Amino acid sequence: MTPPSSVPRFVADHMLGSLARWLRMMGYDTVYDKKMADEAIASMAKTEGRFILTRDRDLAKDPSAFYIESDDLDLQLKAVCEKYGLKVNDDLIRCSVCNGDLTDLSKAEAKGQVPEGAFEGNDKFWKCGRCGKIYWKGTHWNGITDRFKRLSLV
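Under the numbering used here, the residues of the sequence shown are numbered 677 to 830, in order.
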């Protein structure tokens, strides 16, 4: 599902890989490549209409940049969500690895591609259209949603 154009999209600098993964799990298109140079980040932000998330004071001078002060992931998530008015959007969750779109995968299609316990314990699966990673809401999902709830992001 494609998000409405009013949904903010991001590009994160090399110091914010964990934040990028968590924003993706919240449903926000967040580009992250730890090898991407500041100039490439600024160019991508400009050409694709993305906001820059950075811990780099020089890069933070870009008009589309938001400087992340804390090293703490919870504080980073809170700051970005407050700044841009973000909440978890279950319908738009993205691949936490590559930022690709997830599409529904039938249980029959998941058979043999996921661990047996995951197959038996779940009826819904998703597959990344870019890297092929398969997702399901296993026991790890409780920890993820607990963090979102604790931070009042749901």
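Glycine is no exception: its CB is placed at the ideal position from the N, C-alpha and C atoms. Given the structure is predicted, the values throughout are model-derived calculations rather than measurements.
Closest by C-alpha distance to residue i, when choosing among the options
i	options	result
ARG731	LEU749, ARG700, THR723, SER719	LEU749
GLU785	ILE820, PHE795, TYR760, SER772	PHE795
ASP799	GLU715, GLY808, TRP812, ILE717	TRP812
ALA713	GLU792, ALA688, GLU724, LEU768	ALA688
VAL683	TYR708, ALA716, GLU724	GLU724
Inter-residue CB distance, residue i and residue j (contact presumed, cutoff 8 angstroms)
i	j	result
ASP832	ARG733	A question about residue 832 goes unanswered here, because the residues of the chain that appear run from 677 up to 830.
ILE810	VAL790	6 angstroms
Residue span of the beta strand (DSSP E) that contains residue i, given as start and end
i	result
LYS803	801-804
TYR743	741-743
Chain-order list of residues whose beta-carbon lies under 6 angstroms from that of residue i (same chain, five-residue window excluded)
i	result
PHE824	VAL764, VAL830
ASP738	ALA718, ILE728
Contacting residues, own chain, Cβ-Cβ under 7 angstroms from residue i (five flanking each side not counted)
i	result
ARG770	ARG700, GLY703, ASP705, GLY776, ASP777, LEU778
LYS710	HIS690, GLY693
LYS787	PHE795
Where the alpha helix (DSSP H) through residue i begins and ends
i	result
VAL756	749-760
Are the region 734-741 and the region 691-698 touching, with three or more C-beta to C-beta distances below 8 angstroms? no
May I ask you to verify whether the region 770-778 touches the region 798-807, counting CB pairs closer than 8 angstroms and requiring at least 3? yes
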